[in-house]
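>
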Amino acid sequence: MLKVKTPTTGRARRELEKRAPKLVEGEKKTLILHSTKTSNVLNTVLTEIYHLKKGNCIKYSRKNENIRPFEAGGETSLEFFSQKTDCNLFVFGSHSKKRPDNLVLGRFYDHHIYDLLEVGVENFKSLQSFSYDKKIAPKMGSKPLIAFVGEGFESVEELKHLKEVLLDLLRGEVVENLNLVGIDHVYVCTVVSQNRVFLSHCALRLKKSGTVVPKMELVEVGPSMDLVVRRHRLPNEGLRKEAMKTVPQKTKKVKNVKGDPILGKTGKIYIPDQKLGDMALPNKAKGVKRERREAKMNKDADGQVLKKQKGEDSK
Amino acid sequence: MGEVESQKDTQIDLGNLMAYNPNHHFASIPSSREELVKECLEKGTELAQALADALFNLPATEDVDGPIVKLPPPTTKLPRQKHLPKPKPPTKWELFAQKKGIKKRKKDKIAYDEKSGTWKRTYGYDRANDEDDVPIIEAKPSDEPGVDPFAKRRADKKQRVDKQEKNRLRNLKQTAKAGALPRDYLCFQGETESNSLDSHVQLAATALPITGSQAAPKKLSKSELEEVAGTAATSTASIGKFDKKLPGEKPPKNKGKNRKFLPVAEGRGMGSQEKEQTDKILNKLISKHSHETLNVDKAVRKINVQKEKKHKSKQDKSSSTSSKLKPKKKSLKKSSNKGSAKKGSSKSKSKLKSSKSN
Numbered sequence: 001m002l003k004v005k006t007p008t009t010g011r012a013r014r015e016l017e018k019r020a021p022k023l024v025e026g027e028k029k030t031l032i033l034h035s036t037k038t039s040n041v042l043n044t045v046l047t048e049i050y051h052l053k054k055g056n057c058i059k060y061s062r063k064n065e066n067i068r069p070f071e072a073g074g075e076t077s078l079e080f081f082s083q084k085t086d087c088n089l090f091v092f093g094s095h096s097k098k099r100p101d102n103l104v105l106g107r108f109y110d111h112h113i114y115d116l117l118e119v120g121v122e123n124f125k126s127l128q129s130f131s132y133d134k135k136i137a138p139k140m141g142s143k144p145l146i147a148f149v150g151e152g153f154e155s156v157e158e159l160k161h162l163k164e165v166l167l168d169l170l171r172g173e174v175v176e177n178l179n180l181v182g183i184d185h186v187y188v189c190t191v192v193s194q195n196r197v198f199l200s201h202c203a204l205r206l207k208k209s210g211t212v213v214p215k216m217e218l219v220e221v222g223p224s225m226d227l228v229v230r231r232h233r234l235p236n237e238g239l240r241k242e243a244m245k246t247v248p249q250k251t252k253k254v255k256n257v258k259g260d261p262i263l264g265k266t267g268k269i270y271i272p273d274q275k276l277g278d279m280a281l282p283n284k285a286k287g288v289k290r291e292r293r294e295a296k297m298n299k300d301a302d303g304q305v306l307k308k309q310k311g312e313d314s315k
Numbered sequence: 001m002g003e004v005e006s007q008k009d010t011q012i013d014l015g016n017l018m019a020y021n022p023n024h025h026f027a028s029i030p031s032s033r034e035e036l037v038k039e040c041l042e043k044g045t046e047l048a049q050a051l052a053d054a055l056f057n058l059p060a061t062e063d064v065d066g067p068i069v070k071l072p073p074p075t076t077k078l079p080r081q082k083h084l085p086k087p088k089p090p091t092k093w094e095l096f097a098q099k100k101g102i103k104k105r106k107k108d109k110i111a112y113d114e115k116s117g118t119w120k121r122t123y124g125y126d127r128a129n130d131e132d133d134v135p136i137i138e139a140k141p142s143d144e145p146g147v148d149p150f151a152k153r154r155a156d157k158k159q160r161v162d163k164q165e166k167n168r169l170r171n172l173k174q175t176a177k178a179g180a181l182p183r184d185y186l187c188f189q190g191e192t193e194s195n196s197l198d199s200h201v202q203l204a205a206t207a208l209p210i211t212g213s214q215a216a217p218k219k220l221s222k223s224e225l226e227e228v229a230g231t232a233a234t235s236t237a238s239i240g241k242f243d244k245k246l247p248g249e250k251p252p253k254n255k256g257k258n259r260k261f262l263p264v265a266e267g268r269g270m271g272s273q274e275k276e277q278t279d280k281i282l283n284k285l286i287s288k289h290s291h292e293t294l295n296v297d298k299a300v301r302k303i304n305v306q307k308e309k310k311h312k313s314k315q316d317k318s319s320s321t322s323s324k325l326k327p328k329k330k331s332l333k334k335s336s337n338k339g340s341a342k343k344g345s346s347k348s349k350s351k352l353k354s355s356k357s358n
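Which chain is which? The protein sequence lines are E and U, in order.
Counted from 1, the first sequence has number 240 at position 240 by UniProt numbering; the numbering is strictly sequential.
Counted from 1, the second sequence has number 15 at position 15 by UniProt numbering; the numbering is strictly sequential.
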């Protein structure tokens, strides 16, 4: 049985309106959680991803024994959390003998798992281990630059997938106007080998170069780590098509306006036909009674006959 | 690799502030970690510079906080979070209003109150021309005696409110059916949520192979799926007899045969029945006059009848086209005759000929 329940309070209604599907969507929220067992490294990784994404991220600290994203039935609880928190990206950490320091990145579409990618974390260096001038430390919520290096991102399917997921995870909000002062950090992802990607987070130092474009200098601020691709699952083709749908952009065609190098902007104006023949005559006024109108017309006709005849003669 | 050359090949997506260098390839991975990091950052700097070149050359408007540039929309396509909003179906009233050409009209927030001669709000507390505020209702000749007009008015109002609520819920249900209602509004009772979702969404989590794992999950063929669905459908206590059928659901294909097996173990009563049954068949087969068990005459007769029918149906077909629509008579059982079939056929032909000549 399907039961419809509408919010009873205004606050709840507004909250649900925020979650309703929209034509143009905002930034994806990220959900961070971990399984029953996590290593020390993984705990730090998850915390630092949370710090980097702060403001649009939710971190769960409880152990989750039911979540096994790659197994059938193991995604139920994950999808429930996605629905509950309205998150569309997740980072799931787990640690086992078979897959140590395991990080599952994934996305949701309509709160159902869209794709999955499993990476192992190696050579991790945390935020704290870097020392640098705190003045250049990236600010929270500023839009990052993202640099991908290596042909592997195109040729190897897993890495191609990883590139897309990382871009989705790191890019932040899609903005129309950007303050150039706010550019202060960059993520560098480099393909090291067929299944290994080096990910590093750097602050940007803008130096004067004498031209409009400043000279960029990268200062590593951490975290930095190697991601080793393990399992991955691409989205279903039909689902992918569905999810890639965008708003059909309808730009209104500009009619009758032309740009001319000499005259500047020129326009054509159309004047509608005046239709003089259809115009109402004053002696045919609607309000006047028919008898009276006819009487008047007869009177006019009598008088005009002579005039008309005269006119015809002249012609 | 020349710097100019590499810059040419970088792909830049200004909307996402992303730059991609598809040409770099480690010829040999540096032995030490520091060297690797250094080289990666070098490449990263190049890309950041390329991005900055594109960014700072965009037309900027000066602001107090700094120059603001307008970014183009992102070129790298990423999946949506949720489906595109679907249009809401019109409510029953909207349909009616459209049919009748009724247009919406806005009412003023305040209205003139005749009783007090002042302007009051149209709706709500202390509203203009409030019917409930009347201390006396004049009796009409049509009034029934013994009915409290105030109570009646209150009851009527309540009825109208209830009716409106009912209409609202019905319209909401229609919206939900069209899929235009966000999921948060829906409560699923009894059935699981995934039942009511689109099929592709259902498949998303389970249907795709996982790479990197040792054994890729086997793809189920259609017949296998049908088999599984059939077993699942008949696995309830009532063998699926009282289950709610989904719209468009076909009856399960692999309905098992209801076979009865007699007990094999020997004993009294039922125990001996099995032996008797087998003995009977074996005796028939092995006995001296086994050839007599086959009634040749009967077989021939059967074949003749069958042939005649076939011939008739052929004639019917040639004469009328509507014979296709008529239910076909089953002739399958009769065709499985043994032994003397050939003999019979030759005889029957001659018989048929003779009948024709007659």
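Ideal placement from N, C-alpha and C gives every residue a C-beta, glycine not left out.
1. Measure from the C-beta of Met279/E to each C-beta in chain U and report whether the shortest distance is under 7 Å.
2. Enumerated in chain order, which unbroken segments of the beta strand (DSSP E) with a length of 3 residues or greater are wholly contained in the segment 217-281 of chain E?
3. Under the DSSP definition of a beta bridge, which residues are partnered with Asp133/U?
4. Since Lys265/E and Val257/E are thought to touch, with beta carbons under 8 Å apart, how far apart are those beta carbons, to the nearest angstrom?
5. Between which two residues does the alpha helix (DSSP H) carrying Ile286/U extend?
6. Tell me, please, whether the segment 210-218 of chain E touches the segment 156-173 of chain E by the rule of three or more beta-carbon pairs shorter than 8 Å.
7. Does the CB of Arg292/E have a neighbour CB from chain U at under 7 Å?
8. Under a three-way DSSP split, which group does Thr10/U fall into?
9. Return the bridge partner residues of Phe148/E from the DSSP annotation.
10. Exposed or buried, Leu225/U, counting other C-beta atoms within 10 Å across all chains shown (16 or more means buried)?
11. Give the residues of chain U in contact with Ser193/E, contact being defined as C-beta atoms less than 8 Å apart.
12. For Ile271/E, does the count of other Cβ atoms within 10 angstroms reach 16, so buried, or fall short, so exposed?
13. So which residues of chain U does Glu25/E contact, with C-beta pairs closer than 8 Å?
14. Do Leu47/U and Asn21/U count as a contact pair if the criterion is CB distance below 7 Å?
15. In or out: Ala295/E buried (at least 16 other Cβ within 10 Å) or exposed?
16. For Arg205/E, collect the residues of the same chain with a Cβ closer than 7 Å to its Cβ; drop the 5 residues on either side in sequence, then sort them by chain order.
17. Could you tell me whether the segment 49-56 of chain E touches the segment 18-32 of chain E, using the rule of 3 or more Cβ pairs below 8 Å?
18. Tell me the DSSP secondary structure of Ser61/E in three-state form.
19. I want to verify the contact list: residues of chain E whose CB lies under 7 Å from the CB of Gly44/U, in sequence order.
20. Take the Cβ of Asn102/E as the centre, count every other Cβ of all protein chains shown within 10 Å, and call the residue buried at 16 or more, exposed below.
21. Would you list the residues sitting across from His201/E in a DSSP beta bridge?
22. Any idea what DSSP makes of Ser96/E, helix, strand or coil?
23. From this set, Tyr123/U, Phe96/U, Lys100/U, which residue's C-alpha is nearest Lys109/U's C-alpha?
24. Please name the residue in Asn129/U, Gly179/U, Lys275/U, Glu249/U whose C-alpha comes closest to that of Phe261/U.
25. Hey, would you say Asp13/U sits closer than 7 Å to Thr91/U, going by beta carbons?
26. Does any residue of chain E bring its CB to less than 7 Å from the CB of Gly66/U?
27. Leaving out five residues on either side along the sequence, give the residues of the same chain with a beta carbon under 8 Å from the beta carbon of Pro72/U.
28. At 9 Å on the CB atoms, spell out the chain U contacts of Asp168/E, in chain order.
29. Quick one: measure Cβ to Cβ for Ser77/E and Lys37/E, integer angstroms, because I've assumed they're closer than 8 Å.
30. Give me the subset of the segment 150-182 of chain U whose CB atoms are less than 9 Å from a CB atom of chain E, sorted by chain position.
31. List the endpoints of the continuous alpha helix (DSSP H) containing Asp53/U.
32. Kindly indicate which residue of Val191/E, Val4/E, Leu2/E has the alpha-carbon position closest to the one of Ser28/U.
33. Closer than 8 Å, Cβ to any Cβ of chain U: which residues of the segment 82-112 of chain E, in chain order?
34. Bridge partners for Pro67/U per DSSP, in chain order?
35. Which residue from Lys268/E, Pro235/E, Glu291/E puts its Cα closest to that of Leu78/U?
36. Do Asn64/E and Leu33/E have their beta-carbon atoms positioned less than 7 Å apart in this structure?
Result, derived from the coordinates:
1. Here the question's residue 279/E lines up with position 279 in the first sequence. The beta carbon of Met279/E does not come within 7 Å of any beta carbon belonging to chain U, so the residue lies off that interface.
2. 257-260, 264-267
3. Taking the second sequence and counting its residues from 1, the one referred to as residue 133/U is at position 133. Asp133/U is not bridged to any residue.
4. Mapped onto the first sequence, residue 265/E falls at position 265. Mapped onto the first sequence, residue 257/E falls at position 257. Lys265/E to Val257/E, Cβ: 7 Å. Contact.
5. To locate residue 286/U, count along the second sequence from 1; it is residue 286. 270-286 is the span of the alpha helix (DSSP H), which, as asked, contains Ile286/U.
6. Too few Cβ pairs lie closer than 8 Å, so no.
7. To locate residue 292/E, count along the first sequence from 1; it is residue 292. Not an interface residue.
8. In the second sequence, counting from the first residue as 1, residue 10/U sits at position 10. The answer is coil: DSSP assigns Thr10/U none of H, G, I, E or B.
9. One-based indexing of the first sequence puts residue 148/E at position 148. Answer by DSSP bridge pairing, in chain order: Cys189/E, Tyr20/U.
10. The count along the second sequence starts at 1 and reaches residue 225/U at position 225. Its Cβ having fewer than 16 others within 10 Å, Leu225/U is exposed.
11. For the purposes of this step, residue 193/E is taken as residue 193 along the first sequence, with counting starting at 1. Result: Phe26, Ile29.
12. On the first sequence, residue 271/E is found 271 positions in, with the first residue counted as 1. Exposed: under 16 other Cβ atoms inside 10 Å.
13. Walking along the first sequence from the start, residue 25/E turns up at place 25. At a beta-carbon threshold of 8 Å, the residues of chain U lying near Glu25/E are Arg80, Gln81, Lys82, ordered along the chain.
14. The residue labelled residue 21/U in the question sits at position 21 within the second sequence. The residue labelled residue 47/U in the question sits at position 47 within the second sequence. Yes, these two residues count as a Cβ contact at 7 Å.
15. Translated into positions along the first sequence, residue 295/E becomes position 295. That one is exposed.
16. Here the question's residue 205/E lines up with position 205 in the first sequence. Around Arg205/E, the same chain offers Ile136, Glu217, Val219 as residues with beta carbons nearer than 7 Å, after the five sequence neighbours per side are excluded.
17. yes
18. Translated into the one-based positions of the first sequence, residue 61/E becomes position 61. It is a strand residue.
19. The sequence position of residue 44/U within the second sequence is 44, counting from 1. Within chain E, the residues near Gly44/U are Ala147, Val149, Val186, Val188, Cys202, Leu218.
20. Taking the first sequence and counting its residues from 1, the one referred to as residue 102/E is at position 102. When all chains shown are included, Asn102/E counts as buried.
21. In the first sequence, residue 201/E corresponds to position 201, counting from 1. DSSP, once it has assigned bridges, lists Tyr187/E as partnering His201/E.
22. Position 96 of the first sequence holds residue 96/E. In the displayed model, Ser96/E falls within coil according to three-state DSSP, outside both helix and strand.
23. By 1-based counting over the second sequence, the position of residue 109/U is 109. Closest by alpha carbon: Tyr123/U.
24. As a first step, residue 261/U must be located in the second sequence, where it is residue number 261. Of the listed residues, the one whose Cα sits closest to Phe261/U is Lys275/U.
25. Within the second sequence, the letter at position 13 stands for residue 13/U. Within the second sequence, the letter at position 91 stands for residue 91/U. No; because the gap between Cβ atoms is not below 7 Å, this pair is not in contact.
26. Taking the second sequence and counting its residues from 1, the one referred to as residue 66/U is at position 66. So, interface residue.
27. Walking along the second sequence from the start, residue 72/U turns up at place 72. The answer, listed in chain order, is Leu14, Gly15.
28. Along the first sequence, read from residue 1 onward, the residue named residue 168/E stands at position 168. Residues of chain U passing the Cβ test: Leu78, Pro79.
29. Here residue 77/E is taken as the residue at index 77 of the first sequence, counted from 1. Here residue 37/E is taken as the residue at index 37 of the first sequence, counted from 1. Actually they do not touch by this definition, with Cβ atoms about 17 Å apart.
30. Arg168, Leu169, Leu172, Lys173, Thr175, Ala176, Lys177, Leu181, Pro182
31. Sequence index remark: in the second sequence, residue 53/U carries index 53 (1-based). Unbroken alpha helix (DSSP H) run through Asp53/U: 33-56.
32. If you number the second sequence from 1, residue 28/U lands on position 28. The option with the nearest alpha carbon to Ser28/U is Val191/E.
33. Gln83, Asn88, Arg107, Phe108, Tyr109, Asp110, His111, His112
34. Sequence index remark: in the second sequence, residue 67/U carries index 67 (1-based). For Pro67/U, which the question treats as bridged, DSSP gives the partners Glu62/U.
35. For this step, residue 78/U is matched to residue 78 along the second sequence. Residue Pro235/E is the option with its Cα nearest to Leu78/U.
36. Taking the first sequence and counting its residues from 1, one reaches residue 33/E at position 33. Taking the first sequence and counting its residues from 1, one reaches residue 64/E at position 64. Yes, Cβ-Cβ distance for Leu33/E and Asn64/E is below 7 Å.
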